[in-house]
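Chains as they are written, first to last, in this note's numbering: chain A, 1 to 129; chain B, 130 to 305.
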């Protein structure tokens, strides 16, 4: 492809430059191997085993010390939400019990439920002529 | 030892004949690091000579050898990660993933070639590979496709786009 002459020329120039510093075949085959690196996979494995040996018995002991009742699964009906207390607002009992006329309101001994006689009279039904 | 009509002596002769091209390809696979490339090539040569890598005769010897070099370089990169390279670097404070070309070596290169290499390095990996194999190594696009394990159509696309992009970059550098 004549169009690619420019690129071929550049690549040829690179090749000529590279050829100047090519070691011989025997040099490459016979070159000393790089010093073997320590096997870090092995080191990581040994580290994991050591960690398991140290942490394993400690974990086992802590589980053995825990009371049996705590270990039992909590029944669904006994379960309480940890944020249940947020629902305990002031005057909650008022909503849960039926107030009795003449008796103090639950949770508020000073307050009495009574009818207000002076209040507006109940509205009469619409009269039809 | 005789495999597919190629004796060990013949194999060595073949390797010697392709040595310069193989080193250039290995250097390319190792991002222009000569030391790394020679190390990689030694590993491949030994593997070929002691029969761990076997030429099956399905392609030309050069195509097969280049594929072995490429696979070996990829395997090295993968192995580095498996060898907890980060941990090793931390211990040794030595950045050695893929060493860049040595400064002295770079200094020896002509400025023009250096700029050309720079433009080439800015191409996509596949485009670089196809252009190197075709223009530098003298393989056909079809042989390059076989070597890289991609379809001929894909190789042609990489070749055409690579050339176009390289020309654009060279025009920017005024190297054409």
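Virtual Cβ for every residue (Gly too), placed ideally from N, Cα, C.
Contact list for the segment 149-164 of chain B against chain A, Cβ threshold 8 angstroms: Along the segment 149-164 of chain B, going in chain order, the ones with a CB nearer than 8 angstroms to a CB of chain A are 149, 152, 153, 156 and 163.
What is the rounded straight-line gap between the Cα of residue 7(A) and the Cα of residue 264(B)? Position 7 of the first chain, counting from 1, holds the residue named residue 7(A). Position 135 of the second chain, counting from 1, holds the residue named residue 264(B). Residue 7(A) and residue 264(B): Cα-Cα distance of roughly 8 angstroms.
From what residue to what residue does the alpha helix (DSSP H) around residue 266(B) run? What you label residue 266(B) is simply residue 137 of the second chain in a count that begins at 1. Premise fails: residue 266(B) is in no alpha helix (DSSP H) and is neither H nor E.
Taking 8 angstroms as the threshold (beta carbon to beta carbon), is residue 242(B) in contact with chain A? In the second chain, counting from the first residue as 1, residue 242(B) sits at position 113. Residue 242(B) counts as touching chain A.
At least 3 beta-carbon pairs within less than 8 angstroms: the segment 282-300 of chain B vs the segment 244-261 of chain B: yes
Beta carbon of residue 154(B), beta carbon of residue 198(B): below 8 angstroms? For the purposes of this step, residue 154(B) is taken as residue 25 along the second chain, with counting starting at 1. For the purposes of this step, residue 198(B) is taken as residue 69 along the second chain, with counting starting at 1. A contact, by the Cβ cut-off of 8 angstroms.
Any C-beta of chain A within less than 9 angstroms: which residues of the segment 186-200 of chain B qualify? none
Leaving out the 5 sequence neighbours to the left and right, which residues in its chain are closer than 8 angstroms to residue 152(B) when beta-carbon positions are compared? The residue labelled residue 152(B) in the question sits at position 23 within the second chain. Correct list, in chain order: 166, 167 and 170.
Given that residue 19(A) touches chain B, what residues does it touch there, using C-beta distances under 7 angstroms? Along the first chain, one-based indexing puts residue 19(A) at 19. Ordered by position in chain B, the residues that pass the 7 angstroms Cβ test against residue 19(A) are 149.
Residue burial classification, residue 46(A) (beta-carbon count within 10 angstroms, cutoff 16): To locate residue 46(A), count along the first chain from 1; it is residue 46. Residue 46(A) is exposed by the Cβ-count criterion.
Does at least one heavy atom of the ligand MN sit under 7 angstroms from the Cβ of residue 102(A)? With respect to the ligand MN, the structure shown offers nothing to examine, as it has no ligands at all.
DSSP three-state call for residue 23(A): helix, strand or coil? Taking the first residue of the first chain as 1, we reach residue 23(A) at position 23. Coil at residue 23(A), not helix or strand.
Supposed contact pair residue 195(B) and residue 276(B) - C-beta distance, whole angstroms, cut 8 angstroms: Locating residue 276(B) in the second chain gives position 147, counting from the first residue. Locating residue 195(B) in the second chain gives position 66, counting from the first residue. That belief holds up - the Cβ atoms of residue 276(B) and residue 195(B) are roughly 5 angstroms apart, short of 8 angstroms.
Minimum C-alpha distance to residue 255(B) - residue among 243(B), 285(B) and 267(B): As a first step, residue 255(B) is located in the second chain; it is residue number 126 there, counting from the start. It is 285(B) whose Cα lies nearest to the Cα of residue 255(B).
Distance check for residue 85(A) and residue 95(A), CA to CA, integer angstroms please. Mapped onto the first chain, residue 95(A) falls at position 95. Mapped onto the first chain, residue 85(A) falls at position 85. Approximately 16 angstroms, taken between the alpha carbons.
Residue 164(B) beta carbon less than 8 angstroms from that of residue 201(B): In the second chain, residue 201(B) corresponds to position 72, counting from 1. In the second chain, residue 164(B) corresponds to position 35, counting from 1. No, Cβ-Cβ distance for residue 201(B) and residue 164(B) is not below 8 angstroms.
Figure out for me which residue from 179(B), 282(B) and 148(B) has the closest Cα to the Cα of residue 191(B). To locate residue 191(B), count along the second chain from 1; it is residue 62. Of the residues 179(B), 282(B) and 148(B), the one whose Cα lies closest to the Cα of residue 191(B) is 148(B).
For residue 52(A) and residue 64(A), what's the separation of their Cα atoms in angstroms? Taking the first chain and counting its residues from 1, one reaches residue 52(A) at position 52. Taking the first chain and counting its residues from 1, one reaches residue 64(A) at position 64. Distance between the alpha carbons of residue 52(A) and residue 64(A) is about 18 angstroms.
Helix, strand or coil: which one does DSSP assign to residue 159(B)? Here residue 159(B) refers to the residue found at position 30 of the second chain. In the structure shown, residue 159(B) sits in coil (DSSP, three-state: anything other than H, G, I, E or B).
For the putative contact between residue 298(B) and residue 251(B), defined by C-beta atoms under 8 angstroms, what is the C-beta separation to the nearest angstrom? As a first step, residue 298(B) is located in the second chain; it is residue number 169 there, counting from the start. As a first step, residue 251(B) is located in the second chain; it is residue number 122 there, counting from the start. With 8 angstroms as the limit, residue 298(B) and residue 251(B) qualify as a contact, their Cβ atoms being about 6 angstroms apart.
Could you check whether the Cβ of residue 228(B) sits closer than 8 angstroms to any Cβ belonging to chain A? Position 99 of the second chain, counted from the start, is the residue given in the question as residue 228(B). The predicted model places residue 228(B) with a pLDDT of 48, which falls under 50 and marks its position as unreliable; any figure quoted below should be read in that light. Residue 228(B) does not count as touching chain A.
Let me know the secondary structure DSSP gives residue 90(A) once reduced to three states. On the first chain, residue 90(A) is found 90 positions in, with the first residue counted as 1. Residue state, collapsed to three classes: coil.
Endpoints, alpha helix (DSSP H) assigned at residue 138(B): Within the second chain, residue 138(B) is the residue found at index 9, counting from 1. It spans 137-146 - the alpha helix (DSSP H) in which residue 138(B) sits, taken as one unbroken run.
Candidates 271(B), 283(B), 246(B) and 188(B), of which the one nearest residue 12(A) by Cα: For the purposes of this step, residue 12(A) is taken as residue 12 along the first chain, with counting starting at 1. Residue 246(B) is the option with its Cα nearest to residue 12(A).
Burial state of residue 159(B) (16 or more Cβ within 10 Å): On the second chain, residue 159(B) is found 30 positions in, with the first residue counted as 1. Result: buried.
Could you check if residue 266(B) is buried or exposed, using at least 16 other CB atoms within 10 Å of its CB as the buried criterion? Locating residue 266(B) in the second chain gives position 137, counting from the first residue. By the 10 Å Cβ count, residue 266(B) comes out buried.
Buried versus exposed, by CB contacts within 10 Å (16 or more), residue 18(A): As a first step, residue 18(A) must be located in the first chain, where it is residue number 18. Buried: at least 16 other Cβ atoms inside 10 Å.
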